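Chains A and B, in that order, give the protein sequences. To convert, take the position in the first sequence, counting from 1, and add 45; that gives the numbering used here. To convert, take the position in the second sequence, counting from 1, and add 45; that gives the numbering used here. By construction, the Cβ of each residue, glycine as well, lies at the ideal position given by its N, Cα and C atoms. This structure is a prediction, so every number in the text was calculated from the model and none was measured.
2 protein chains.
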Amino acid sequence: MTPTTDQPFLFVAFGATGDLMQRKLLPALFRLAERGLVHRSYRILGIGRAKDFDDAAFRKSSAEALKGAGIPAGSPRVREFLAALHYQAVPDFSAASYAKLGERMDALDREAGLESNRIFYLALPPQAFEPTISALGEAGHNRARGFVRLVIEKPFGRDLVSARELNELCHRWFSEQQIYRIDHYLGKETVQNLLVFRFANSLFEPVWSRDRIEQVQITVAEELGVETRAQYYDHAGALRDMVQNHLIQLLTLTAMEPPAKFDAEAIRNEKVKVLRSMEPLREEDVVFGQYAAGVVDATDVRGYLEEEGVAPKSRTETYCALRMSIANWRWQGVPFYLRSGKRMPRRSSQITISFRCPPVAMFQPFGSCAVSPNQLVITVQPDEGFDLHFEVKAPDEPLRMRTERMHFRYHDSFDTLPEAYETLLLDVLQGDPTLFVRADEVEASWELFSPLLEPSKRAIHSYSAGSWGPPAADALPAREGVRWANK
Amino acid sequence: MTPTTDQPFLFVAFGATGDLMQRKLLPALFRLAERGLVHRSYRILGIGRAKDFDDAAFRKSSAEALKGAGIPAGSPRVREFLAALHYQAVPDFSAASYAKLGERMDALDREAGLESNRIFYLALPPQAFEPTISALGEAGHNRARGFVRLVIEKPFGRDLVSARELNELCHRWFSEQQIYRIDHYLGKETVQNLLVFRFANSLFEPVWSRDRIEQVQITVAEELGVETRAQYYDHAGALRDMVQNHLIQLLTLTAMEPPAKFDAEAIRNEKVKVLRSMEPLREEDVVFGQYAAGVVDATDVRGYLEEEGVAPKSRTETYCALRMSIANWRWQGVPFYLRSGKRMPRRSSQITISFRCPPVAMFQPFGSCAVSPNQLVITVQPDEGFDLHFEVKAPDEPLRMRTERMHFRYHDSFDTLPEAYETLLLDVLQGDPTLFVRADEVEASWELFSPLLEPSKRAIHSYSAGSWGPPAADALPAREGVRWANK
Chain A
46 MTPTTDQPFL
56 FVAFGATGDL
66 MQRKLLPALF
76 RLAERGLVHR
86 SYRILGIGRA
96 KDFDDAAFRK
106 SSAEALKGAG
116 IPAGSPRVRE
126 FLAALHYQAV
136 PDFSAASYAK
146 LGERMDALDR
156 EAGLESNRIF
166 YLALPPQAFE
176 PTISALGEAG
186 HNRARGFVRL
196 VIEKPFGRDL
206 VSARELNELC
216 HRWFSEQQIY
226 RIDHYLGKET
236 VQNLLVFRFA
246 NSLFEPVWSR
256 DRIEQVQITV
266 AEELGVETRA
276 QYYDHAGALR
286 DMVQNHLIQL
296 LTLTAMEPPA
306 KFDAEAIRNE
316 KVKVLRSMEP
326 LREEDVVFGQ
336 YAAGVVDATD
346 VRGYLEEEGV
356 APKSRTETYC
366 ALRMSIANWR
376 WQGVPFYLRS
386 GKRMPRRSSQ
396 ITISFRCPPV
406 AMFQPFGSCA
416 VSPNQLVITV
426 QPDEGFDLHF
436 EVKAPDEPLR
446 MRTERMHFRY
456 HDSFDTLPEA
466 YETLLLDVLQ
476 GDPTLFVRAD
486 EVEASWELFS
496 PLLEPSKRAI
506 HSYSAGSWGP
516 PAADALPARE
526 GVRWANK
Chain B
46 MTPTTDQPFL
56 FVAFGATGDL
66 MQRKLLPALF
76 RLAERGLVHR
86 SYRILGIGRA
96 KDFDDAAFRK
106 SSAEALKGAG
116 IPAGSPRVRE
126 FLAALHYQAV
136 PDFSAASYAK
146 LGERMDALDR
156 EAGLESNRIF
166 YLALPPQAFE
176 PTISALGEAG
186 HNRARGFVRL
196 VIEKPFGRDL
206 VSARELNELC
216 HRWFSEQQIY
226 RIDHYLGKET
236 VQNLLVFRFA
246 NSLFEPVWSR
256 DRIEQVQITV
266 AEELGVETRA
276 QYYDHAGALR
286 DMVQNHLIQL
296 LTLTAMEPPA
306 KFDAEAIRNE
316 KVKVLRSMEP
326 LREEDVVFGQ
336 YAAGVVDATD
346 VRGYLEEEGV
356 APKSRTETYC
366 ALRMSIANWR
376 WQGVPFYLRS
386 GKRMPRRSSQ
396 ITISFRCPPV
406 AMFQPFGSCA
416 VSPNQLVITV
426 QPDEGFDLHF
436 EVKAPDEPLR
446 MRTERMHFRY
456 HDSFDTLPEA
466 YETLLLDVLQ
476 GDPTLFVRAD
486 EVEASWELFS
496 PLLEPSKRAI
506 HSYSAGSWGP
516 PAADALPARE
526 GVRWANK
């Protein structure tokens, strides 16, 4: 079992009444407490602008939030958890407001014996990151007798310049060791398992290179459209919202060299090395798309331009496909095809490793095209697991191949997989930054995508909602005789 | 689909009223005919000593045999099949008897337009092989206008000398291309698939060597005791009955180099090369056992010496374990552990490939013994398939490994697997000798085991029926820190 965090703490949640707090953080915190994984002494201090809100109101809304997450109210454990919740109005970024916050934190410290261990979690819209961090720093909340940690949600910047600025601001007040940049994909069990899968299994590492691998595909497909997020999304697009963070994390974990140790710095060093080895993206290696009206799951859905909150002539991409290359000893010449889109036929996050064909001369009596390449499919969601597609002889037929699969599903072996946020929050509480994005990593990723961020330069291809993206995206791998994996 | 054999034929079955014919050959021949895989014009001529037997009696007993194999009598297809059965008494090895046989074959040829294509199948006890082959040859039945093929059941000799003599006799009358030495293990789907698995999958061949494989185990365990076969078995023993043929076939298919082509000669050349590369067996690399009374499947069973037909002080082994080595570039230093026994806890034929542990320094924070080696388990029977044991991260635990498996079962993907005898008989009809043992192969195998065949030199260890063999057999791999796989 995971060791219980051995220090008491105060969890200070900015954006306490927001969607992320209600849907993800509160249920995750409750489940960690319920499973006895956190120190008995803890308090959660919700921060919001609303002055007409208080502890009681916060507890009431939080009870609703837990209920919404399938945690029924009324049990002793839920009551105990709710009793640990408090609310503090911080209506502006003034010194006075942040001084008051300080007094409240000190009071809770004393009351509950929290040893001044503090986690500031910014569950805020991106434009609030900068003033909040500044105000925390200027009020001296970056230091305490205990530990102080700062957790920042995505997006971390919207290009290289803004990411650098945000890093500089963070570093003005906090050391890199105190900063936890969230990419919730890193909390997913299958993603964490990528490194174990690669390096604890002697069967895979020897074939994990250009010598044996033909091409790699990373797909993060959403069935949903822009939903209620148009205000943010229309200024972001698929490249910023998904590719620069989630897909790049999957890519670096797939491609990285074995770290010297399984510790945060060693692993993140190797991830940064991958990013620094990537060849610059060329225009012809990227295809942008935007969904038009179509049919998803047998339901008519409107196009992106008809969505509420989207600019009438928006050129924001809801789909992005890329061909990327890593210029190092392991990967030179192996294309990495990445794609992510909204309004795809189904929700699916997968990494597909296609191995080279065996020498076929041996099988020529049976037709050379009879042999399909082996594929390893790592499913991140839904139905997490591994599939290994391999060739078997079809019974009864002299030597005709058929592609079959060996498979492993987490849900067949483990009752429950922890939610990504449970994993990540526990890591924050334990002070383990392995699954968080380091400053140089986030900058290296933005640097890679810098040439693609200017919308005026892009062609945007339309695709029907419910399709796998624009035809131009098929042409991208087709240049090398490759097809997208799950079409 | 498999092409239908394109030539009519006469199948001449010596031992027509015997167990093998009734239980295996007749059902297999019927199923091939039922599935339309054989030429429409065929006849089956059963040969026996009994003179008071005729076509009608043979058809009647064959109908019973089919019923016993789950093929109900009375359908048009069964009637059609039975009508193709004939019986010829061949009471002795005289020229007269074999001349009469020739007349009968000629008559059936004319009647049914069989173009003098003939298969002689010797479903006989081993002592009858030699006189039957001689009589066939002296009567000139080794030649015909059409093809003539000779199928010989196991055991092919009982040591190197007798195997050579039998080969010489065969070759006096038949060319090697006409001779089909049966090892019914080679007809099993999983065994045939070994070569496809190895050479049509680019994932496995690169790791299939001493660089990546720690040790290989081949187990053929039977739950049954000697049953009604004591008369034969007590003069044979496990080494002759199972190891020298079936286990060695599994070993050579596992260890062989890729053949230049998937054809009979190329594949059998590579198998012989493995046998010729094997290091001589030393006394300390072999453990013999004999079952004592015990409990199998919750039933008390008697010991081997109490079995009917077994000599009172028999020193025949019912269990044999070996450590073998292949002195070539691929396998030098990789032990191959083989074992076979009667009265084991369950029926199981498996090949277990254990890969080397990954370098563990990386995982030291979690304890070096946390990583188990990958294993590939190929199940030949029952429940044919592949299991790949690999390490995953246990959810919720920082980086603790757990061994899980990916698996593939033939029965999940294919409705029915053909019986080994269906496969082998079809190959004989089609003239494909790939799955039959070549003269030099059988001799190389006997040569290897020659030093072990003298019973007086052996220690025989007792083991309880229902156990996995004598403790001395555990000590064999334990010398290298290895344990038998399915204990």
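Select from His280/A, Gln237/A, Thr62/A and Lys316/A the residue whose C-alpha is nearest the C-alpha of Val135/A.
The shortest C-alpha separation from Val135/A is found at Thr62/A.
What in chain B is Cβ-close to Met301/A, meaning under 8 Å?
Simply none; closest approach about 13 Å.
If you draw a straight line from the alpha carbon of Glu234/B to that of Ser139/B, how long is it in whole angstroms?
Here the alpha carbon of Glu234/B sits roughly 41 Å from the alpha carbon of Ser139/B.
Excluding the 5 residues preceding and the 5 following Pro53/B in the sequence, name in chain order all residues of the same chain whose CB lies nearer than 8 Å to its CB.
Here Pro53/B has His84, Arg85, Ser86, Tyr87, Ala157, Gly158, Leu159, Glu160 and Asn162 as same chain residues with Cβ atoms under 8 Å from its own Cβ, once five neighbours each way along the sequence are excluded.
Taking C-alpha atoms, which residue in Ala338/A, Gly147/A, Ile224/A and Pro380/A lies nearest to Arg368/A?
If we check each option's Cα against that of Arg368/A, Pro380/A comes out closest.
Quick one: Cα of Phe164/B to Cα of Asp477/B, how far?
Before going further, note that residue 164/B is Ile rather than Phe in the sequence given. Roughly 13 Å between the two C-alpha positions.
Simplified DSSP state of Gln67/B, which is helix, strand or coil:
Gln67/B: helix per DSSP, three-state reduction.
What's the C-alpha gap between Pro4/B and Ala300/B?
Lying before the first or after the last residue shown, residue 4/B is absent from chain B, which here runs from 46 to 532.
Between Leu284/A and Phe494/A, how many whole angstroms is the CB-CB distance? I'm expecting something under 8 Å.
Indeed they touch by this definition, with Cβ atoms about 6 Å apart.
Can a CB atom of chain B be found closer than 9 Å to the CB of His84/A?
His84/A does not count as touching chain B.
Does the Cβ-Cβ distance between Leu471/B and Leu82/B come in under 9 Å?
With contacts defined as CB atoms closer than 9 Å, Leu471/B and Leu82/B qualify as a contacting pair.
Consult DSSP for Ile235/B and reduce its assignment to one of helix, strand or coil.
Before going further, note that residue 235/B is Thr rather than Ile in the sequence given. In the structure shown, Thr235/B sits in a helix (DSSP, three-state: H, G or I).
Using 9 Å as the limit for Cβ to Cβ distance, is Met66/B near chain A?
So no, Met66/B is outside the interface.
Which ranges does the alpha helix (DSSP H) cover as unbroken runs of at least 4 residues, wholly within the segment 206 to 258 of chain B, from first to last along the chain?
Taking only runs of at least 4 residues, the alpha helix (DSSP H) segments lying wholly in the segment 206 to 258 of chain B are 234 to 244.
Would you say Asp51/B lies against chain A (beta-carbon separation less than 9 Å)?
Not one chain A Cβ lies under 9 Å of Asp51/B.
Leaving aside the five residues before and after Asp154/A along the sequence, list all residues of the same chain whose C-beta is less than 8 Å from its C-beta, in chain order.
Hits under 8 Å: Leu55, Glu160 and Ser161.
Any idea what DSSP makes of Phe54/B, helix, strand or coil?
Correct three-state label for Phe54/B: strand.
Using 8 Å for Cβ pairs, my map puts Tyr132/A next to Gly91/A. What's the rounded Cβ distance?
Confirmed, Cβ separation roughly 5 Å.
Inter-residue Cα distance where the pair is Phe103/B and Ala520/B:
Phe103/B and Ala520/B have their C-alpha atoms some 52 Å from each other.
Chain-order list of residues whose beta-carbon lies under 8 Å from that of Ser220/B (same chain, five-residue window excluded):
Apart from the 5 residues on each side of it in sequence, Ser220/B has no Cβ closer than 8 Å to any other Cβ in its chain.
Bounding residues of the beta strand (DSSP E) (the contiguous stretch that carries Ala337/B)
Run containing Ala337/B: Val331 to Ala337, per the beta strand (DSSP E) assignment.
Alpha-carbon to alpha-carbon, Gly282/B and Ile505/B:
For Ile505/B and Gly282/B, the distance between alpha carbons rounds to 12 Å.
In three-state terms, what does DSSP make of Thr397/B?
In the structure shown, Thr397/B sits in a strand (DSSP, three-state: E or B).
Helix, strand or coil for Thr297/A per DSSP?
It is helical.
Distance check for Asp428/A and Cys402/B, CA to CA, integer angstroms please.
In this structure, the CA atom of Cys402/B is about 29 Å from the CA atom of Asp428/A.
Which two residues bound the contiguous beta strand (DSSP E) that contains Arg368/A?
Tyr364 to Met369 is the span of the beta strand (DSSP E), which, as asked, contains Arg368/A.
Tell me whether Ala61/B sits in a helix, a strand or coil according to DSSP, three-state version.
If DSSP states are grouped into helix, strand and coil, Ala61/B belongs with coil.
For Gly158/B: DSSP bridge partner residues:
Gly158/B is not bridged to any residue.
Please say whether Ala523/B and Ser399/B have beta carbons closer to each other than 9 Å?
No. Outside cutoff.
Fully enclosed by the segment 100 to 181 of chain A, which beta strand (DSSP E) runs are 3 residues long or longer?
Restricting attention to beta strand (DSSP E) runs no shorter than 3 residues, the segment 100 to 181 of chain A encloses them at 130 to 134 and 163 to 167, ordered along the chain.
Applying the criterion that 16 or more other CB atoms from any shown protein chain within 10 Å of the CB defines a buried residue, is Thr297/A buried or exposed?
That one is buried.
What residues in the segment 245 to 256 of chain A have a beta carbon less than 7 Å from any beta carbon of chain B?
Listed in sequence order: Ala245, Asn246, Ser247, Leu248, Glu250, Pro251 and Val252.
So, Leu498/A versus Leu480/A, is the Cβ gap smaller than 9 Å?
Contact check for Leu498/A against Leu480/A fails: the beta carbons are separated by 9 Å or more.
Considering only C-alpha positions, which residue in the set Pro171/B, Lys438/B, Phe242/B and Val331/B is nearest to Gln276/B?
For Gln276/B, the nearest C-alpha among the options comes from Pro171/B.
Cβ-based neighbour list, Asp204/A, same chain, cut-off 7 Å, excluding 5 preceding and 5 following
Around Asp204/A, the same chain offers Trp491, Ser495 and Leu498 as residues with beta carbons nearer than 7 Å, after the five sequence neighbours per side are excluded.
Please give me, in chain order, every unbroken run of the alpha helix (DSSP H) with length at least 4 that falls completely inside the segment 421 to 486 of chain A.
Taking 4 residues as the minimum length, the alpha helix (DSSP H) runs contained wholly in the segment 421 to 486 of chain A are 455 to 458 and 465 to 475, in order along the chain.
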